[in-house]
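Below is one structure; the comments refer to it alone.
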Amino acid sequence: MRFAFTDQQLEFRDALRQALEIECRPSDVRAAFEDPSPRTPRWSTLAEMGIVGLTVPEQHGGLGMHMLDLVLLLEEAGRVALPEPLLETTALAAPVLATAGWSRSGPWLERIAAGEAAAAVAPVDPAGGAAVAGAVGADLFLLHAVDDAGRPELHALPAGAATVEPVASLDPTRRLGIVRWDPSPATLVASGEEAHLLLADLADRGAVAAAAELVGLADRMITLAAAYATERQQFGRAIGSFQAVKHLLAGAQVALEFARPVVYAAAWSLDGEEPDRARSASLAKAYASDAAAEAARVALQVHGAIGYTWECDLQLYLKRAWALGGAWGSSADHRDRILASLLDER
Amino acid sequence: MDLRFTDAQEEFRSRARAWLGANAPTPGTLPSLDTAAGFEAHRAWEQTMHAHRWSVVSWPEEYGGQGVGILEWLLFEEEYWRAQAPLRVSQNGVFLLAPTLFEFGTDAQRSRFLPPMASGEEIWCQGWSEPDAGSDLAGIRSRAVRAPGDDGWLLTGQKTWASRGAFAEWCFGLFRTDPEAERHRGLTYFLIEMRTPGVTVRPIPQIDGETGFAELFFEDVFVPDDQVLGEVGRGWNVAMATAGSERGLSLRSPARYTEAASRLVDLYAERLRIDPVRTVRNAEAVTRAWMDAEAYRLSTYWTASRVVAGGSVGPEASANKIHWSETDLAIHRAALDLLGPGAEQTAGNRWLDGFLFALAGPIYAGTNEIQRNVVAERMLGLPRG
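Sequence lines, in order, name chains A and B. Residue numbers for the first sequence follow the working numbering, beginning at 5 and rising by one. Residue numbers for the second sequence follow the working numbering, beginning at 1029 and rising by one.
Right, dumping it as structure tokens:
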């Protein structure tokens, strides 16, 4: 039992944090609101750092690393509300394609590692509509279908093989779109039992990756609110000296503190294909969604009216947190999954 | 990162499970430890554990332990709760004072106090709160002055809410030794034998009618110099180490909650068969309670791994205390909701006992409101005041 990251994993996290402090300031996220293209100079920087291709096998030009190596980086992406599709591309598309191990996955993996393929991945259980995150401007679509016999299939499509109808999101960097396409043997990656397992894996990975970003977002929102509460004066003193304000922020901080290990444990379970990985993934997403929702509510409340303005940077993180709260399964969806698995054991 | 236990750790777990399976009393058969008879029955269980070196596994062998690490202690706790073994009557000593003795005690103090603590021969209570100093602990007024022979101190004042104070042999308490100093600086941490002349104990019946805690009155109680823990005037710092154990890793291991949460899901499954329509309304509360216990388990292993690597636990202990106390309440409230109209019935209703016990959690060891202040000020840097 050693529930801790390696020095190397922590150093990679620190390096990314430093880079993003410069490359992904609030003004950069605002710029992405106006022009949400996925492949930006920042994406190229992340590719050069090896981050975009982190989970791509080495023979295809990546670092051959795993969710446990990525989870802290996703947390950093969340902290700055990174507009590029690191979650879809590096946490989902690359590992799933690498597992599929098909000859046709290879070229995609190489393009991902080179920073030339930004992915969009259809949610496995499209609750709340069939809009796909990252669809607008994507180079690669990972989509699922069912064959004539009702068995699942997983397909990888190039941009030209699908048409995308943009769908407005509260957070424009989500690049939501309805994807129209026709499954064909040329795009097929896996079918039958193999596709079923890959889709289950995809759902768990989506939950854990979104949970990691939500942890970073919660941390950012609490930090912003604590800074504001220290600076803002009312009744002749900083509002952060009032217990009513302290206790709001402390509650959010406690929720965040307990979400973190849950998310890290889920990343470890995914990599080791632990028998309870689906439940770990659900625990991570439910816990992180709730922690981020509380952080968002509290951060807005502590900011008061200024937090309700377009001008205040808080909105950038609030919107991403709200969007990711429902993506890859809501807290309620995952609680259902957890309870079902507990009852199954009995 | 590896969340699996080593073969050696699993072997330790198996030994603990086997011994507890063969020796732990049948669950629920000991009388309540908050009665005179129950106190002695629980002491006898401590003595049995001690005879086989299971009472304080993480202590060095010279003091009665097995010298194992914190992870093995957590495994032992998992097995202990799994076996539904008795509540630890020695908990104030082994979980709170002992870590403080290891950190601040002299060799002589450790040799004097740890072995009889491990064996259950000497049970400890805590003398901190006073009628006018609860959350504002630094406001304590009980005082100590130098004894005429200059070989110790004379303690005078009143302490209250001393858990197990009605029956304990020893007390660790905070007294003001320098009334002129700034209020956190004039305190000293004393180890007091309860049968010393001048100590009067007045038991206080708790909400369940049992004598769980007591008021302690001190009138010129002589305490020799070698029963001062840490430096004179540094009692606050020593006490904060004890409080860290109380809120952090030591007092409430996650096994207590994961075991109760697992029984909660059992209860849910059972009720689901009997009355599905009413039962499913409790699905969210039951699932959240289980999740909170599981998150506490993971968080504890996360913290323990940091401690094993040489790290320390700071204000996170306050976040921890908020979480475990609220988790305990959530588990028991969910269970009582599942029981519905049967919840109020006391006969054989372990959930009701657990609920009453859980209700104290957000109050003792520093109220959760005080812990939220600590989290806000020391983790988030918000201004004091």
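For every residue, glycine included, the Cβ atom is placed at its ideal position computed from N, Cα and C.
Residue i in three-state terms, based on DSSP
i, result
"B:Thr-1216", "strand"
"B:Phe-1033", "coil"
"A:Ser-1", "The question about residue 1 of chain A has no answer, for chain A in this structure spans 5 to 350."
"B:Glu-972", "Residue 972 of chain B lies beyond the stretch modelled for chain B, which goes from 1029 to 1413, so this question has no answer here."
"B:Thr-1239", "coil"
"A:Ala-385", "Any answer about residue 385 of chain A is impossible in this case: the structure gives chain A only from 5 up to 350."
"B:Phe-1104", "helix"
"B:Pro-1411", "coil"
"A:Gly-110", "helix"
"A:Gly-132", "Because A:Gly-132 sits at a pLDDT of 49, beneath the cut-off of 50, its placement in the model cannot be relied upon, and the following sentence gives the value as read from the coordinates. Here A:Gly-132 sits in coil by DSSP."
"A:Arg-17", "helix"
"B:Arg-1174", "strand"
"B:Val-1251", "strand"
"A:Trp-314", "coil"
"A:Leu-78", "helix"
"B:Pro-1304", "helix"
"B:Ile-1151", "coil"
"B:Gln-1399", "helix"
"A:Val-60", "coil"
"A:Ala-160", "strand"
Chain A contact residues for residue i, given Cβ-Cβ distances below 8 Å
i, result
"B:Pro-1411", "Thr-234, Arg-241, Ala-242, Gly-244 and Ser-245"
"B:Glu-1344", "Glu-261"
Cut-off 7 Å between Cβ atoms - residues of its own chain near residue i, not counting five sequence neighbours on either side
i, result
"B:Arg-1412", "Glu-1405"
"A:Gly-132", "Residue placement at A:Gly-132 is poorly supported in this model, since its pLDDT is 49, which falls under 50; the coordinates still yield a value, given next. Excluding residues within five positions, the ones whose Cβ falls inside 7 Å are Gly-330."
"B:Ser-1353", "Gly-1389, Pro-1390 and Asn-1396"
"B:Ala-1069", "Leu-1058 and Pro-1059"
Neighbouring residues, chain A, relative to residue i (Cβ below 9 Å)
i, result
"B:Asn-1401", "Gln-247, Lys-250, His-251 and Ala-254"
"B:Phe-1033", "Met-5"
"B:Ser-1327", "Glu-261, Phe-262, Arg-264, Pro-265 and Val-266"
"B:Val-1229", "Those within 9 Å of B:Val-1229 in chain A number zero; the least Cβ separation is about 35 Å."
"B:Asp-1294", "Arg-350"
"B:Ala-1297", "Leu-346, Leu-347 and Arg-350"
Own chain residues within Cβ distance below 6 Å of residue i, not counting five before or after
i, result
"A:Ser-3", "Given that chain A is displayed from residue 5 to residue 350, the structure contains no residue 3 of chain A and the question cannot be resolved."
"B:Met-1407", "Pro-1343"
"B:Thr-1228", "Phe-1245"
"A:Ala-233", "Ile-243, Gly-244, Val-249 and Val-306"
"A:Arg-184", "Thr-167"
"A:Phe-7", "none"
"A:Pro-40", "Pro-176, Thr-177 and Arg-179"
Contacts that residue i makes with chain B (C-beta to C-beta distance below 7 Å)
i, result
"A:Tyr-291", "Met-1319 and Ala-1323"
"A:Ala-8", "Met-1029, Ser-1333, Arg-1334 and Ala-1337"
"A:Ala-230", "Leu-1408, Gly-1409 and Leu-1410"
"A:Leu-72", "Met-1029"
Unbroken beta strand (DSSP E) run spanning residue i, endpoints
i, result
"B:Ile-1232", "1227 to 1232"
"A:Leu-146", "144 to 150"
"B:Trp-1181", "1180 to 1191"
"A:Ala-123", "123 to 125"
"A:Thr-167", "167 to 170"
For residue i, the first and last residue of its enclosing alpha helix (DSSP H)
i, result
"B:Ile-1350", "1344 to 1367"
"A:Pro-99", "98 to 104"
"A:Gly-329", "318 to 330"
"A:Leu-50", "45 to 52"
"A:Arg-155", "Element bounds for A:Arg-155: n/a, residue is neither H nor E."
"B:Gly-1263", "1263 to 1275"
Amino acids of chain A, ordered along the chain, whose beta-carbon sits closer than 7 Å to that of residue i
i, result
"B:Asp-1303", "Simply none; closest approach about 15 Å."
"B:Met-1407", "Gln-257"
"B:Ala-1044", "The premise fails here: B:Ala-1044 is roughly 15 Å from chain A at the closest Cβ pair, so nothing lies under 7 Å."
"B:Glu-1036", "Correcting the residue identity first, residue 1036 of chain B is Ala in this sequence and not Glu. The premise fails here: B:Ala-1036 is roughly 11 Å from chain A at the closest Cβ pair, so nothing lies under 7 Å."
Chain-order list of residues whose beta-carbon lies under 8 Å from that of residue i (same chain, five-residue window excluded)
i, result
"B:Gln-1037", "Leu-1099, Glu-1100 and Leu-1103"
"B:Ser-1092", "The sequence given here has Gly at residue 1092 of chain B, not Ser. Same-chain partners within the cutoff: His-1078, Arg-1081, Ser-1083, Val-1084, Leu-1142, Pro-1143, Ala-1146 and Ser-1147."
"A:Arg-4", "Nothing can be reported for residue 4 of chain A: it is not among the residues displayed for chain A, which extend from 5 to 350."
"B:Asp-1248", "Leu-1182, Leu-1183, Thr-1184 and Gly-1226"
"A:Arg-83", "Arg-21, Leu-24, Gly-220, Leu-221, Asp-223 and Arg-224"
Contacts that residue i makes with chain B (C-beta to C-beta distance below 9 Å)
i, result
"A:Ala-3", "A query on residue 3 of chain A cannot be resolved here, the shown segment of chain A reaching from 5 to 350 and no further."
Where residue i meets chain E, residues with beta-carbon distance less than 8 Å
i, result
"B:Val-1314", "Among the chains of the structure shown, chain E does not appear; the protein chains present are A and B."
Where residue i meets chain B, residues with beta-carbon distance less than 8 Å
i, result
"A:Ile-226", "Leu-1408"
Output, in sequence order along the chain, the residues in the region 1082 to 1109 of chain B whose CB is closer than 7 Å to any CB in chain A.
Hits within the stretch, in order: Leu-1099.
Output needed in chain order: residues of the region 1348 to 1363 of chain B with a Cβ under 7 Å from some Cβ in chain A.
Taking 7 Å as the cut-off between beta carbons, the residues of the region 1348 to 1363 of chain B near chain A are Ile-1350 and His-1351, in sequence order.
Could you list the residues in the region 269 to 303 of chain A with a C-beta less than 7 Å from some C-beta on chain B, going in chain order?
Hits within the stretch, in order: Ala-269, Trp-272, Leu-287, Ala-290 and Tyr-291.
Residues of the region 1237 to 1258 of chain B in Cβ contact with chain A at a cutoff of 7 Å, in chain order, please.
Listed by position, the residues of the region 1237 to 1258 of chain B near chain A (Cβ gap below 7 Å) amount to none.
Chain B contacts made by the region 328 to 349 of chain A, where a contact means CB separation under 7 Å
From the region 328 to 349 of chain A, only Arg-339, Ile-342, Leu-343, Leu-346 and Leu-347 have a Cβ closer than 7 Å to chain B.
Residues of the region 1207 to 1218 of chain B whose Cβ lies closer than 9 Å to any Cβ of chain A, in chain order
Flagged: no residues at all.
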